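Peer 1: Its first residue numbered 3, the sequence shown is counted upward by one per residue in the working numbering.
Backbone N, C-alpha and C define an ideal beta-carbon position, used for all residues, glycine too.
Since the structure is predicted, the reported quantities are computational estimates derived from the model, not experimental observations.
Below is the structure I would like to discuss, written out as structure tokens.
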Amino acid sequence: MPTDAPSDAFVRAMPKVELHLHIEGTLEPATMLALAERNRVALPWADVDALRAAYAFVDLQSFLDVYYAGASALQHAEDFHDLAWAWCERAAADNVQHAEIFFDPQTHTDRGIALDVVVEGLVAALARARTELGLTAALIPCFLRHLSGEAATATYLDCRRLGSHFAAFGLDSSERDRPPRLFADVFARLRADGFRAVAHAGEEGPPAYITEALDVLKVARIDHGVRCLEDPDLVRRLARDAIPLTVCPLSNVRLRVFDRIEDHNLRALLDAGLVATVNSDDPAYFGGYMSDNFLAVTHGLGLDHAALRRLGEHGIAASFADAARKAELGAALQAHFAAAHD
Ligand code: ADE
Ligand code: ZN
Numbered sequence: 003m004p005t006d007a008p009s010d011a012f013v014r015a016m017p018k019v020e021l022h023l024h025i026e027g028t029l030e031p032a033t034m035l036a037l038a039e040r041n042r043v044a045l046p047w048a049d050v051d052a053l054r055a056a057y058a059f060v061d062l063q064s065f066l067d068v069y070y071a072g073a074s075a076l077q078h079a080e081d082f083h084d085l086a087w088a089w090c091e092r093a094a095a096d097n098v099q100h101a102e103i104f105f106d107p108q109t110h111t112d113r114g115i116a117l118d119v120v121v122e123g124l125v126a127a128l129a130r131a132r133t134e135l136g137l138t139a140a141l142i143p144c145f146l147r148h149l150s151g152e153a154a155t156a157t158y159l160d161c162r163r164l165g166s167h168f169a170a171f172g173l174d175s176s177e178r179d180r181p182p183r184l185f186a187d188v189f190a191r192l193r194a195d196g197f198r199a200v201a202h203a204g205e206e207g208p209p210a211y212i213t214e215a216l217d218v219l220k221v222a223r224i225d226h227g228v229r230c231l232e233d234p235d236l237v238r239r240l241a242r243d244a245i246p247l248t249v250c251p252l253s254n255v256r257l258r259v260f261d262r263i264e265d266h267n268l269r270a271l272l273d274a275g276l277v278a279t280v281n282s283d284d285p286a287y288f289g290g291y292m293s294d295n296f297l298a299v300t301h302g303l304g305l306d307h308a309a310l311r312r313l314g315e316h317g318i319a320a321s322f323a324d325a326a327r328k329a330e331l332g333a334a335l336q337a338h339f340a341a342a343h344d
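Okay, here's the thing in structure tokens:
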């Protein structure tokens, strides 16, 4: 194994798995404004410069306010298709080979866009990605945690009709003072129906929310989870049970979870034996897609080939892909690192 730092080209070409991506968070500023004009949706920003000025986030909520306003530009199945297809092409350029993609049904249904319209567009793009790009992908609807548990249950019942398209259900949005237990009923119900569960926890919220997501919601993965290091017992549990964390480095810096990429705790998570993965969260808002995130931690934390390879292996292990697809992804990763010897 080479001891020198991985080259940028090597990092960009590394086969990748993306497990924490909000499709609404891939809406680039110019696309958002063009869609809003085409769909006659009024947005508070006159142009791209004004919109970009609103991206000076101070915390999660300040981002979510812009993100939900921006999502209102999406109206038709074609819009959702175009959004997802643009991401698939961008992801393929970063050699993302498998993805499990979040979307927020309530962000759309609460403004009168039927769930079927959203899913129709997204599913069409993902089917095209499989045949044209060799990129496999599944969807994960997330419940908005700033809304009620009852609203989440109603959303789940709407989603269940389309369940064959979904790899799991998730929980996202404002974390502060919104503990996972508020959603105990809907998660019990979806698990009883045989669905997997994931949840955002320990991004801004305390490590106790990670414990609660595991104990009450019985999630298979924790989205973010970076605050787990504040609780040594929790770290031991996450390591023992190999619970994956879908970490989003550039997001964490842009939302001020860490001041600088050099302060990010990804290396400490790996050193603690955790199944940490690298993901992009909302790349159009946080200044980077998958390769940008990998490059940021490679340079900022001085990661070597072995650490990168572990991150790649973790992404495959943490995914909900079937065994045959995992074997293909593993072979591609192996071939990439074998070539590093040449
Ligand atoms: N929705 C989109 N991005 C999110 C994040 N980073 N945390 C919580 N909810 C989100
Ligand atoms: Zn997220």
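Distance, Cα to Cα, Glu-330 vs Asp-265?
Peer 2: Roughly 34 Å between the two C-alpha positions.
Peer 1: What are the complete beta strand (DSSP E) segments, minimum 3 residues, inside the region 54–111?
Peer 2: Whole beta strand (DSSP E) segments, 3+ residues: 98–105.
Peer 1: Rounded to the nearest angstrom, what separates Leu-240 and Leu-276 at their Cα positions?
Peer 2: So the alpha carbons of these two residues sit roughly 7 Å apart.
Peer 1: With a floor of 4 residues, list each alpha helix (DSSP H) that falls wholly inside the region 235–304, ordered by position along the chain.
Peer 2: 251–256, 268–273, 285–288, 292–302, all fully within the region 235–304.
Peer 1: State the DSSP-derived secondary structure class of His-148, mapped to helix, strand or coil.
Peer 2: Coil, per DSSP.
Peer 1: So, using beta-carbon positions, are Tyr-211 and Pro-181 closer together than 7 Å?
Peer 2: Cβ distance < 7 Å, so Tyr-211 and Pro-181 count as in contact.
Peer 1: Is the region 45–55 touching the region 282–295 in the sense that three or more CB pairs, one from each, lie closer than 8 Å?
Peer 2: No contact exists between the region 282–295 and the region 45–55.
Peer 1: Report the rounded CA-to-CA distance for His-167 versus Gly-27, giving the unit in angstroms.
Peer 2: Straight-line Cα distance between these residues: approximately 20 Å.
Peer 1: Which of the three DSSP states, helix, strand or coil, is assigned to Ala-140?
Peer 2: Three-state DSSP puts Ala-140 in a strand.
Peer 1: Using only the alpha-carbon positions, how far apart do Ala-153 and Glu-102 sit?
Peer 2: Taking the straight line from one Cα to the other gives about 24 Å.
Peer 1: Below 7 Å between beta carbons: does that hold for Leu-29 and Ala-286?
Peer 2: Contact: yes.
Peer 1: Taking all protein chains shown into account, do 16 or more other C-beta atoms lie within 10 angstroms of the C-beta of Ala-36, making it buried, or fewer, making it exposed?
Peer 2: When all chains shown are included, Ala-36 counts as exposed.
Peer 1: When burial is assigned at 16 or more other CB atoms within 10 Å of the CB, is Asp-174 buried or exposed?
Peer 2: Classification of Asp-174: buried, given that the 10 Å Cβ count is 16 or more.
Peer 1: At a cut-off of 6 Å, is His-266 close to the ligand ADE when judged by its beta-carbon and the heavy atoms of the ligand?
Peer 2: No, since every heavy atom of the ligand ADE falls outside the 6 Å radius drawn around the Cβ of His-266.
Peer 1: Residues bridged to Asp-324 by DSSP?
Peer 2: BP columns for Asp-324 are empty, so no partner.
Peer 1: Give the range of the alpha helix (DSSP H) segment to which Asp-174 is assigned.
Peer 2: Premise fails: Asp-174 lies in the beta strand (DSSP E), 172–174, not in any alpha helix (DSSP H).
Peer 1: So Glu-39 is in the alpha helix (DSSP H); what residue range does that whole segment cover?
Peer 2: Taken as a continuous stretch (DSSP letters only), the alpha helix (DSSP H) holding Glu-39 covers 31–40.
Peer 1: Taking Cβ positions, are Tyr-158 and Val-125 nearer each other than 7 Å?
Peer 2: In this structure, Val-125 does not lie closer than 7 Å to Tyr-158 by Cβ.
Peer 1: Expressed to the nearest angstrom, what Euclidean distance is found between the alpha-carbon atoms of Thr-138 and Ala-131?
Peer 2: One C-alpha to the other measures close to 7 Å.
Peer 1: Would Val-249 and Val-221 be called neighbours here (beta carbons separated by less than 7 Å)?
Peer 2: Not a contact, by the Cβ cut-off of 7 Å.
Peer 1: Quick check on the DSSP output: the alpha helix (DSSP H) that includes Arg-14 runs from which residue to which?
Peer 2: Where Arg-14 is concerned, the enclosing alpha helix (DSSP H) stretches over 10–15.
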